[in-house]
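FYI, in my numbering the residues of the sequence shown are 19 to 154.
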Amino acid sequence: MKIYFSEFEVVTSSRLEIIDITKMVEEVVAKSGVRNGICVVHLPHATAALMLNEAETRLWHDYLRLVKDVFKPDGDWQHNIIDSNAHAHLASGFIGQTRILPIKDGQLVRGTWQNILLLELDGPRHRRVVVEVLGE
Ligand code: ZN
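Spelled out as structure tokens, the structure:
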């Protein structure tokens, strides 16, 4: 079994933002040479998250609105006593920082409306995206 490790950087420009990283992950899979296996996409961050969903900007606005409604950035959170980003930690923890996709015949197996989306929850920042490809 081959194990291929790679990472790239995404520079975000807003406090809350969604960035489509599908192409960058697909490039890593192509470079890995793995035809059948799995692809682990991971953010080594506690204030950003990963989702698989549609690349549609109105829906992205809806997602960001939902995040702000549920994890209120100006909420009375304990963590904000020592930092000002409790909402980002909370949303990141609930949404998750890792996604795993199958690889079949050299392609990520994903639905038409399943792009790989990075949610910036406490930007702007430089975010590392780790991609590990395992298979044959
Ligand atoms: Zn914090």
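Backbone N, C-alpha and C fix where the C-beta goes; we use that ideal spot for every residue, glycine too.
- Note on geometry: alpha-carbon atoms of Thr-116 and Ser-102 lie some 24 Å from one another.
- With a 10 Å radius around the Cβ and a threshold of 16 neighbouring Cβ atoms, His-105 comes out buried.
- A residue is called buried when at least 16 other Cβ atoms come within 10 angstroms of its Cβ; Val-43 meets this threshold and is buried.
- Leu-34 is a Cβ neighbour of Leu-82, given a cutoff of 7 Å.
- For Lys-41, the enclosing alpha helix (DSSP H) begins and ends at 40 to 50.
- About 5 Å separates the Cβ atoms of Leu-70 and Gln-132, confirming a contact at the 8 Å cut-off.
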